[in-house]
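This report refers to the structure that appears directly beneath it.
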Amino acid sequence: MIESRRLTACGLLSVLASLSVAAADQRPRIGYVCPAGGRQGTTFLVTVGGQFLGSWKGEYFIDVSKAHFSGGGITVEVVKDDKPMREKDANALRQKARELLKNKPDAEARKQIARIKREVSQYESARIVKQTYPAIGDTVTLRVTLAADAAPGQRELRVETPRGISNPLRFFVGRLPEFQKPQPDIVADAREASEMTYPPTSTTDVVLPVVVNGQIIPRNPDSLWQPPDRFTPGVADRYRFQARKGQQLVIAAGARRLIPYLADAVPGWFQATLALYDAEGRELAYQDDYRFHPDPVLFFTVPQDGQYVAEIKDAIYRGRPDFVYRITLGELPYIAGVFPLGGRAGAATTVKLSGRNLPADTLPMDAKDMTPGIHPLSVRKGDMTSNTMPFAVDTLPECLEREPNDSTQTAQAVTLPVIVNGRIDRSGDWDVFRLEGRAGQEIIAEVNARRLESPLDSVLEFLDAAGARLAFNDDHQDKSDYLRTHHADSLIRVTLPADGTYYVRLGDAQRHGGAEYAYRLRLSPPRGDFELRVTPSCVNAITWRLNPIAVYAMRKDGFDGEITLRFKDDPFGLALGGGAIPQGQDQVRLTLAVAPLLSAEPVHPHLEGRAMIDGKEVVRQAIPSDEMTQAFFYKHVVPARDLTVVPEDRDRFRQEAARAARENKPPKSPAAARRTFQSPMEILSEQPVRIPVGGTATVQVRMSWNRTGQIQVDLSDPPEGIAVDRASWAEKGLLLVLRGDAKAKTGLKGNLMANAFLQTTTKGKDGKTREERQLIGPLPAIPFEVVKP
0 MIESRRLTAC
10 GLLSVLASLS
20 VAAADQRPRI
30 GYVCPAGGRQ
40 GTTFLVTVGG
50 QFLGSWKGEY
60 FIDVSKAHFS
70 GGGITVEVVK
80 DDKPMREKDA
90 NALRQKAREL
100 LKNKPDAEAR
110 KQIARIKREV
120 SQYESARIVK
130 QTYPAIGDTV
140 TLRVTLAADA
150 APGQRELRVE
160 TPRGISNPLR
170 FFVGRLPEFQ
180 KPQPDIVADA
190 REASEMTYPP
200 TSTTDVVLPV
210 VVNGQIIPRN
220 PDSLWQPPDR
230 FTPGVADRYR
240 FQARKGQQLV
250 IAAGARRLIP
260 YLADAVPGWF
270 QATLALYDAE
280 GRELAYQDDY
290 RFHPDPVLFF
300 TVPQDGQYVA
310 EIKDAIYRGR
320 PDFVYRITLG
330 ELPYIAGVFP
340 LGGRAGAATT
350 VKLSGRNLPA
360 DTLPMDAKDM
370 TPGIHPLSVR
380 KGDMTSNTMP
390 FAVDTLPECL
400 EREPNDSTQT
410 AQAVTLPVIV
420 NGRIDRSGDW
430 DVFRLEGRAG
440 QEIIAEVNAR
450 RLESPLDSVL
460 EFLDAAGARL
470 AFNDDHQDKS
480 DYLRTHHADS
490 LIRVTLPADG
500 TYYVRLGDAQ
510 RHGGAEYAYR
520 LRLSPPRGDF
530 ELRVTPSCVN
540 AITWRLNPIA
550 VYAMRKDGFD
560 GEITLRFKDD
570 PFGLALGGGA
580 IPQGQDQVRL
590 TLAVAPLLSA
600 EPVHPHLEGR
610 AMIDGKEVVR
620 QAIPSDEMTQ
630 AFFYKHVVPA
640 RDLTVVPEDR
650 DRFRQEAARA
660 ARENKPPKSP
670 AAARRTFQSP
680 MEILSEQPVR
690 IPVGGTATVQ
700 VRMSWNRTGQ
710 IQVDLSDPPE
720 GIAVDRASWA
730 EKGLLLVLRG
740 DAKAKTGLKG
750 NLMANAFLQT
760 TTKGKDGKTR
770 EERQLIGPLP
780 AIPFEVVKP
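Going by numbering that gives the first Met the number 0, the sequence shown wraps up at 788, each residue one higher than the last.
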């Protein structure tokens with residue numbers, strides 16, 4: 000009888016797991032939010048587009064229950080559509096319009112016909128969008144209220160459905176007045192375009208200063224592409240405003256800033272352009288970028304009083320619902336350059352500013368309480384806040400570059416370690432620094448400029464006393480700089496061959512220069528360090544099943560040691576499998592187990608990595624991130640604000656708590672259970688599992704499951720030469736045999752990820768037998784090492 004109950008429980012667990020897997024494949028995803036921001040002290044409607052925001056209940060219904068904003072000062076409610084239009088409703092409206100048209104319609108009938116056309120067009124528009132852009136075909140409306148004291152700046156928005164919480168999207172809180180331009184509907188048939196009711200003009204009047212929000216939407220995504228008229232509604236948006244002679248206008252577009260990468264578009268984002276016209280339609284200014292940023296910024300001095308028109312469009316006239324923009328227009332303070340680009344921790348630095356409409360040309364930066372790293376720098380002018388610039392803080396001694404230092408004969412002497420703050424002042428300028436070194440000494444020469452918003456495209460040379468080149472670098476990729484597609488900063492690591500004098504030569508690869516071509520040059524011994532990113536930023540955790548996550552290491556200055564991973568403060572109910580990044584590896588996949596009835600709400604644990612560097616333990620927190628695809632191919636790890644774990648059984652937790660409250664009993668709180676929480680599966684074999692080249696290794700996995708079929712295991716993206724030899728049931732669960740062939744690389748370490756399946760044979764009503772393969776779920780991450788035979 001006991002065995003029967005055990006098998007019944009195992010069978011139930013199998014069913015629950017298979018249902019959970021299906022739900023996991025349809026976790027909510029969001030692709031755009033419009034408007035992507037708002038003004039303090041206002042309430043407005045927001046549209047969010049995504050995929051898997053609904054479920055089938057006879058018909059497809061959007062079932063977003065909540066929306067979550069990071070930070071305080073924002074309240075939000077989901078606007079429910081009590082009677083969403085279906086195809087049968089649209090057909091009924093079409094029939095009604097035909098009946099009204101049978102006889103000569105009076106004024107009231109014409110109004111009804113116009114309303115029907117509008118409602119049917121909106122329905123068709125949504126249908127076409129869903130067919131053409133399935134990743135953003137589901138939409139939900141939110142009513143957002145920003146408190147008057149809501150902190151300005153960037154926030155994150157996620158939506159929640161019964162299947163979990165979505166990825167984040169960026170949302171901005173501002174101080175300026177905001178305007179959202181209404182968009183025409185997308186029509187299914189170009190022949191219907193003449194019957195559509197568009198705004199009376201494609202130009203909208205606004206009053207400066209203002210932030211305008213909109214989308215560049217195509218009229219007909221199903222038609223063959225042809226170059227449209229520049230001012231066709233939905234292809235270019237125009238905003239008319241009054242300006243006075245002498246005003247220093249700044250028109251700054253935010254497009255890629257809102258959605259960094261698009262998976263199914265080239266170059267991988269909305270490539271916005273800005274143009275400015277006078278009242279007669281003459282083009283006065285045009286920008287398709289700002290320095291190395293795809294989002295354009297246009298500076299313009301108004302020549303005379305009058306009306307002007309700002310236009311935004313895509314560079315190649317594309318349109319999509321996720322081509323969302325925010326344009327800030329007015330006499331805005333805008334910082335174009337700062338010098339120096341950073342300062343020493345614990346010291347005060349006076350920063351020189353350049354740009355437009357700035358309240359002052361200097362800004363004191365007191366780094367007394369600043370930790371090493373990048374800190375935001377901005378200025379205020381009345382109610383307007385400038386753009387943000389990065390300000391670097393470090394612990395090393397600092398100095399200023401001194402001219403003349405264009406050659407080895409006039410080189411500036413420096414003593415290591417040091418950070419030099421300098422400029423490439425003019426076209427063709429070179430800055431040369433002289434240092435003394437010892438044989439065998441390792442030196443890092445690193446430029447930090449483009450990462451600090453300087454237009455400098457640096458190039459570095461390391462020379463010996465005779466002027467012979469020992470090392471050269473133009474571009475060095477910094478994987479932590481996720482938005483950069485051109486990594487223009489340079490880095491050299493060199494071992495000195497002899498005692499003596501050496502030179503470091505720095506210039507601009509494109510032979511440009513100027514006051515804003517600033518840099519920070521670090522000259523020091525290697526300072527081993529690392530940063531961590533954990534993906535995804537939101538884990539919709541299936542209870543009693545292992546949930547895969549990944550951690551990426553950005554190693555610095557040659558550090559290649561092992562990094563152990565763990566949750567800070569050891570939170571109850573969370574267990575990691577395979578918690579280490581092996582020596583020399585830049586990423587690892589692990590598994591996360593979540594205890595049942597962990598919480599009624601999402602939890603926000605902190606994952607950290609620990610490593611020994613130069614005899615000291617270094618601890619770094621993993622930054623929550625999401626992997627985004629650019630232009631079908633390139634992968635980027637984009638940081639988010641919080642690591643969120645969403646328990647699948649959170650509704651059951653709430654129900655248990657409500658039941659206990661009604662019965663005046665303590666709930667069956669899992670607090671004690673969490674203390675004794677045991678992962679649903681566990682590697683029992685010695686770890687790491689040592690797989691010999693040309694041999695096999697056995698792995699025992701503790702797991703409870705219905706054994707009515709054959710167990711099978713598939714490895715997920717294994718390294719070359721590693722495969723499953725066989726899998727079978729054993730006394731304590733699973734017995735897995737791994738094989739290493741001749742292609743397996745000796746010394747390779749990492750985690751193997753695998754999925755377990757149950758293969759069963761069933762007989763149908765027709766008497767024929769069928770093979771069925773049911774996913775059990777991921778196995779615990781298997782730490783491994785390839786060894787010699």
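Beta carbons: idealized from backbone N, C-alpha and C, even for Gly. What you are looking at is a predicted structure, and each value in this text was computed from that prediction instead of being measured.
Buried/exposed call for residue i, threshold 16 Cβ in 10 Å
i, result
"Q654", "exposed"
"G49", "buried"
"E400", "buried"
"S64", "exposed"
"T409", "exposed"
"G71", "exposed"
"D507", "buried"
"R437", "exposed"
"F461", "buried"
"T361", "exposed"
"S810", "In this structure the chain extends from 0 to 788, so residue 810 is not present and cannot be described."
"P105", "Sequence inspection shows Asp at residue 105; the Pro mentioned does not correspond to that position. By the neighbour-count rule (16 or more Cβ atoms within 10 Å), D105 is not buried but exposed."
"V206", "exposed"
"Q130", "exposed"
Limits of the unbroken beta strand (DSSP E) element including residue i
i, result
"I215", "No beta strand (DSSP E) holds I215; DSSP gives it neither H nor E."
"V419", "V417 to R422"
"D724", "I721 to A729"
"S457", "S457 to L462"
"H635", "Y633 to P638"
"L331", "Neither: L331 is in no beta strand (DSSP E) and is coded neither H nor E."
"D528", "D528 to T534"
"V602", "Careful: V602 lies outside any beta strand (DSSP E) and carries neither H nor E."
"T394", "Taken as a continuous stretch (DSSP letters only), T394 belongs to no beta strand (DSSP E), as it is neither H nor E."
"T160", "G152 to T160"
"Q39", "Premise fails: Q39 is in no beta strand (DSSP E) and is neither H nor E."
"H374", "G372 to L376"
"Q620", "K615 to Q629"
Residues near residue i in its chain [Cβ-Cβ closer than 7 Å; skip 5 each side]
i, result
"I115", "L92, K95 and A96"
"D288", "P295"
"I1", "With a pLDDT of only 31 at I1, under the threshold of 50, the placement of this residue in the model should not be trusted, and no figure is reported."
Other residues of its chain near residue i: CB distance less than 6 Å, five sequence neighbours each side excluded
i, result
"D480", "R450"
"P375", "T387"
"Y551", "R532, Q586 and V636"
"D304", "R243 and K244"
"L683", "Q699 and R701"
"E76", "R142"
"A278", "G305 and Q306"
Cross-strand partners of residue i (DSSP beta bridge)
i, result
"N539", "V645"
"N754", "D713 and P777"
"D313", "A271"
"D428", "For D428, which the question treats as bridged, DSSP gives no partner whatsoever."
"Q699", "L734"
"G305", "A242"
"K748", "E784"
"L575", "L591"
"N546", "L591"
"L362", "V350"
"S54", "F60"
"G739", "I721"
"G506", "W429 and V458"
Closer than 9 Å to chain C by CB, residue i
i, result
"R355", "Checking the listed chains, one finds no chain C in this structure; it contains a single protein chain."
Own chain partners of residue i with C-beta closer than 8 Å, once the 5 adjacent residues on each side are dropped
i, result
"I612", "G527, D528, F558 and G560"
"A729", "Q699"
"S453", "G336, L340, E515, Y516, A517 and Y518"
"L589", "P547, I548, A549, V550, L564, L575, G576, G577, G578, N750 and A780"
Contact test: residue i Cβ vs the ligand ZN heavy atom, cutoff 8 Å
i, result
"I562", "Here there are no bound small molecules, and the ligand ZN is not part of this structure."
Length at least 3, wholly inside the stretch 466-500: the beta strand (DSSP E) runs in chain order
For the stretch 466-500, the continuous beta strand (DSSP E) assignments of 3+ residues that do not extend past its boundaries occur at 468-472 and 490-494, in sequence order.
At 4 residues or longer, what runs of the alpha helix (DSSP H) sit wholly inside the stretch 58-110?
Qualifying alpha helix (DSSP H) stretches, in chain order: 86-101.
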